[in-house]
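*Asks:*
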Amino acid sequence: MQKASEVAKPKSIGWLVSSYMEYLEARVVAGTSSGKTLKKKRNLLNRLLTNPDRVMLIPQEKLFEMQDKMGSTPAQADAFIEAVGVMYDWAKKRKLVSSNPARGIDKVYVKGDGATPWKAADVKAFFAKHKPGSKAHVAMSVLLWTGCRVEDLTVLGRKNECVIEGVEAVRWQPSKKGSSEVTVPLLPALKTATRAPTVQGGTYVLGRGGKPFASGDSMSAMFKRWCKDADLPTLSAHGVRKGLAELLAEQGCSQYEIMAILGHSEAKTSEVYTRRVERWKLALGAMERVDVSHAWS
Numbered sequence: 001m002q003k004a005s006e007v008a009k010p011k012s013i014g015w016l017v018s019s020y021m022e023y024l025e026a027r028v029v030a031g032t033s034s035g036k037t038l039k040k041k042r043n044l045l046n047r048l049l050t051n052p053d054r055v056m057l058i059p060q061e062k063l064f065e066m067q068d069k070m071g072s073t074p075a076q077a078d079a080f081i082e083a084v085g086v087m088y089d090w091a092k093k094r095k096l097v098s099s100n101p102a103r104g105i106d107k108v109y110v111k112g113d114g115a116t117p118w119k120a121a122d123v124k125a126f127f128a129k130h131k132p133g134s135k136a137h138v139a140m141s142v143l144l145w146t147g148c149r150v151e152d153l154t155v156l157g158r159k160n161e162c163v164i165e166g167v168e169a170v171r172w173q174p175s176k177k178g179s180s181e182v183t184v185p186l187l188p189a190l191k192t193a194t195r196a197p198t199v200q201g202g203t204y205v206l207g208r209g210g211k212p213f214a215s216g217d218s219m220s221a222m223f224k225r226w227c228k229d230a231d232l233p234t235l236s237a238h239g240v241r242k243g244l245a246e247l248l249a250e251q252g253c254s255q256y257e258i259m260a261i262l263g264h265s266e267a268k269t270s271e272v273y274t275r276r277v278e279r280w281k282l283a284l285g286a287m288e289r290v291d292v293s294h295a296w297s
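Now the structure itself:
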């Protein structure tokens, strides 16, 4: 079976995109890149294939035009230009092109402060709507009492539970690149919440048919719906983690204790600060000193 790059017109934009995609596919197979990254890049770069036989070095003014047409979705417009720029960097290193037309194009999306942090009253309202045993209740409980990202919420389950020095814990390697392994105590409230559903599976939170959610995006969309059902339309799954960080800081946890719980690998000074066992002691000490389950109730 021929590759897409072998079918495309040589030295055309279609040929370049196909060649780059084949490179990324090989990296996924080798385990050096993620399938999620490949999917995102493909969706963005497919915009270049309206006229695949055109020359592969796109005029910069054409990229400006495409960026302008995406004005209603500025974050996506920036992601598109960035993806194009990375592709041309790849091509330039291989002497396929002499310049990168995406470089020098300013971003159009101005990022705000990000997701709104959850407060104790918000959590109470969410749990008032979503009772123990519901998928929403389990999802919120895992987010609250592990500090995990929504991408990791889709894969965490009993397989991640362990016992360290007689203490039940949850241990996992976050999916975000560069994150350190996280180990936090399995708090009683979390254990109770995850055992409440009548249907149990390989992950704490199950989707349709008792299967895990397919991606962090699908989990985020469902969590957003649960927030709206609880009359909390401005909140999101990401804001739970942000709220936990603020709560821990308010309760006097050090920067390194917060980092141990949330899986940050480096401080602002970019210093790698502790080994695995030290991270566990930091997380355990912080969780014991700050009764997080009580703070959110």
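Take 1 as the starting number for the sequence shown in the UniProt record's numbering and just add one per residue. Just so it is clear, CB atoms sit at the ideal spot from N, CA and C, and this is done for glycine as well. Remember, predicted model here, so these are calculated numbers, not experimental data.
In the DSSP output, what is residue 172 paired with across the bridge?
*Replies:* Beta-bridge pairing links residue 172 to 182.
*Asks:* Starting from the C-beta of residue 270, find all residues in its chain whose C-beta is less than 7 Å away, skip the five residues before and the five after it, and write them out in chain order.
*Replies:* Because residue 270 carries a pLDDT of 29, less than 50, the predicted location of this residue cannot be relied on, and the following value inherits that uncertainty. The answer is none, since no qualifying residue turns up.
*Asks:* Tell me, which residues are paired with residue 162 by DSSP?
*Replies:* In the DSSP output, where bridge partners are listed per residue, residue 162 has 169.
*Asks:* Between residue 130 and the rest of its own chain, which residues show a CB-CB distance below 8 Å, the 5 nearest in sequence each way excluded?
*Replies:* Correct list, in chain order: 136, 137, 140, 226, 229 and 230.
*Asks:* If you follow the alpha helix (DSSP H) that residue 137 is in, where does it begin and where does it stop?
*Replies:* It spans 135-146 - the alpha helix (DSSP H) in which residue 137 sits, taken as one unbroken run.
*Asks:* Is there contact here, the region 207-215 with the region 171-183, by at least three beta-carbon pairs under 8 Å?
*Replies:* Touching, no.
*Asks:* Quick one: give me the first and last residue of the alpha helix (DSSP H) that residue 43 is part of.
*Replies:* It spans 35-45 - the alpha helix (DSSP H) in which residue 43 sits, taken as one unbroken run.
*Asks:* If you drop the 5 nearest sequence neighbours on each side, which residues of the same chain put their C-beta closer than 6 Å to that of residue 181?
*Replies:* Same-chain partners within the cutoff: 173.
*Asks:* Do residue 12 and residue 53 have their CB atoms nearer than 8 Å?
*Replies:* Closer than 8 Å, so yes.
*Asks:* May I have the straight-line CA-CA distance separating residue 59 from residue 191, to the nearest angstrom?
*Replies:* Using only the alpha carbons, I get a separation of about 57 Å.
*Asks:* Are residue 41 and residue 83 closer than 8 Å when you measure CB to CB?
*Replies:* Yes, the pair counts as a contact, with Cβ atoms nearer than the cut-off.
*Asks:* Whole-angstrom Cβ separation of residue 157 and residue 203, contact assumed at under 8 Å?
*Replies:* That belief holds up - the Cβ atoms of residue 157 and residue 203 are roughly 4 Å apart, short of 8 Å.
*Asks:* Can you tell me whether DSSP reads residue 220 as helix, strand or coil?
*Replies:* In this structure, residue 220 counts as helix in the three-state DSSP scheme.
*Asks:* Which of helix, strand or coil does DSSP assign to residue 28?
*Replies:* Three-state result, residue 28: helix.
*Asks:* Round the Cβ separation of residue 218 and residue 237 to the nearest angstrom and send it over; I've been treating them as touching at under 8 Å.
*Replies:* Actually they are not in contact, since the Cβ atoms of residue 218 and residue 237 sit about 11 Å apart, beyond 8 Å.
*Asks:* Between the alpha carbons of residue 235 and residue 31, how many angstroms are there, rounded?
*Replies:* Cα to Cα, residue 235 sits roughly 34 Å from residue 31.
*Asks:* Where does residue 236 sit, in a helix, a strand or coil, going by DSSP?
*Replies:* If DSSP states are grouped into helix, strand and coil, residue 236 belongs with coil.
*Asks:* In this structure, what does DSSP give as the bridge partners for residue 12?
*Replies:* Paired residues: 55.
*Asks:* From 22, 67, 165 and 147, pick the residue whose C-alpha is nearest to that of residue 106; which is it?
*Replies:* Per the Cα distances, 67.
*Asks:* Whole angstroms is fine: what's the gap from residue 285's alpha carbon to residue 246's?
*Replies:* Distance between the alpha carbons of residue 285 and residue 246: 17 Å.
*Asks:* Can you look up residue 267 in the DSSP assignment and give me helix, strand or coil?
*Replies:* With a pLDDT of 48 at residue 267, under the threshold of 50, the predicted position of this residue should be treated as unreliable, and no value is reported.
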